[in-house]
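Going by the UniProt record's numbering, the sequence shown opens with residue 1, and the numbers climb by one from there.
Backbone N, C-alpha and C define an ideal beta-carbon position, used for all residues, glycine too.
Comments concern the structure below.
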Amino acid sequence: MQVKLERVAHVRSGDKGNTSNIAVIAYCDEFYPLLKAQLTAARFKAFYRGAIKGEVTRYEADNLAALNFVAEGALGGGVSRSLSLDNYGKALSAAILGLEIEVPEQYSNLLRGG
1 MQVKLERVAH VRSGDKGNTS NIAVIAYCDE FYPLLKAQLT AARFKAFYRG
51 AIKGEVTRYE ADNLAALNFV AEGALGGGVS RSLSLDNYGK ALSAAILGLE
101 IEVPEQYSNL LRGG
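If you want it as structure tokens, here you go:
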């Protein structure tokens, strides 16, 4: 079944210059392999439809069941240089929670929200 990422993970973010750092953390261990398989750096970047101008690098933190994405050129030149408030890291991290991923029916009882 297709569900929004917000039902299987939560996010944390940080900004430094024109780079956004977004961690996607699985709510439970069962969801982490699904995130690893479906949430690639390319898919992460494509989701933002051109808002991220530079490279996106994905780091896997298996012991934390988390993926960390470093998105260069994601903040319109940097927080202090941009007039585009929506591009700040917290807004970017909140947006990714709307991405849909495929979750097997057997995990439906583990999903958060509704």
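Three-state class that DSSP yields for residue i in the structure shown
i, result
"R12", "strand"
"N18", "coil"
"N87", "Note that N87 has pLDDT 49, beneath the 50 cutoff, so the model's placement of it is unreliable and the number below is only indicative. Residue state, collapsed to three classes: helix."
"L110", "helix"
"I52", "coil"
"A94", "helix"
Residue interval of the beta strand (DSSP E) (run including residue i)
i, result
"Q38", "Q38 -> not in any beta strand (DSSP E); alpha helix (DSSP H) instead, spanning Y32 to Q38."
"R43", "Counting along the chain, R43 falls outside any beta strand (DSSP E), though it belongs to the alpha helix (DSSP H) covering A41 to F47."
"K4", "Q2 to K4"
"E100", "E100 to E102"
Counterpart residues of residue i in DSSP-defined beta bridges
i, result
"Y59", "N68"
Contact belief for residue i with residue j at Cβ below 8 Å, rounded distance in angstroms
i, j, result
"A74", "S20", "4 Å"
9 Å Cβ cutoff, residue i in contact with chain C
i, result
"H10", "Protein chain content of the structure displayed is limited to a single chain, and chain C is not contained in it."
Heavy atom of the ligand NAD within 8 Å of residue i beta-carbon
i, result
"A65", "This structure does not include the ligand NAD; it has no bound ligands of any sort."
With a threshold of 8 Å, are at least 3 pairs of Cβ atoms found where one atom belongs to the region 95-102 and the other to the region 2-13?
yes
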